[in-house]
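Asker: Just passing along the structure, written as structure tokens.
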Amino acid sequence: MGNYGSKDDHHHPIPDDEIIPSRSIRPPPPPEPASRSQVEEPVQPILSDQNIDSVPTVFKWEHGGRNVYITGTFNNWERQIPMHRSGNDFTYVHNLKRGKHAFKFIVDDEWRYAPDQPTIADVDGRINNFIDVSD
18 MGNYGSKDDH HHPIPDDEII PSRSIRPPPP PEPASRSQVE EPVQPILSDQ NIDSVPTVFK
78 WEHGGRNVYI TGTFNNWERQ IPMHRSGNDF TYVHNLKRGK HAFKFIVDDE WRYAPDQPTI
138 ADVDGRINNF IDVSD
């Protein structure tokens, strides 16, 4: 399996500049045109459980590569999200719901985990990174 993870049999090449759905996802319908009263009324911020129960989290990949993406339980493993490059390092910030999350990196079309971050094996024995943002 190696230090960085294993190849996933269901992986496909990834374009450089987009989030890749791993299954068909339809975009939402366009919004209804706003009425005059909706446009003129000030927008009030809404506090929701999602704002209170999420934590801004920085994910880092510090092991090189040309193109690095991330996916995990935070998006039901459905999308491969491009990470932002700075030199040889890549970062991505996501508001995680409180709890434990598994994730993995896709580096130059290969599924890998970061050996310098916490890991956990899934039910099939594949190694993933994980993070706990319960507190």
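Residue numbers for the sequence shown follow this note's numbering, beginning at 18 and rising by one. Cβ coordinates follow ideal geometry from the N, Cα and C atoms, glycine included. Model, not experiment: these values are computed from the prediction.
For residue 76, which of 133, 69 and 127 has the nearest alpha-carbon?
Answerer: Looking at the Cα atoms, 133 is the closest of the given residues.
Asker: Please state whether the Cβ-Cβ distance between residue 74 and residue 110 is less than 8 Å.
Answerer: Cβ distance < 8 Å, so residue 74 and residue 110 count as in contact.
Asker: Using only the alpha-carbon positions, how far apart do residue 128 and residue 121 sit?
Answerer: Near 7 Å, if we compare the C-alpha coordinates of residue 121 and residue 128.
Asker: Which first and last residues belong to the beta strand (DSSP E) in which residue 136 is found?
Answerer: Where residue 136 is concerned, the enclosing beta strand (DSSP E) stretches over 136-138.
Asker: Once DSSP output is grouped into helix, strand and coil, what is the label at residue 93?
Answerer: Residue 93 falls in the coil class under three-state DSSP.
Asker: Between the C-alpha atoms of residue 147 and residue 72, what's the straight-line distance to the nearest angstrom?
Answerer: Distance between the alpha carbons of residue 147 and residue 72: 15 Å.
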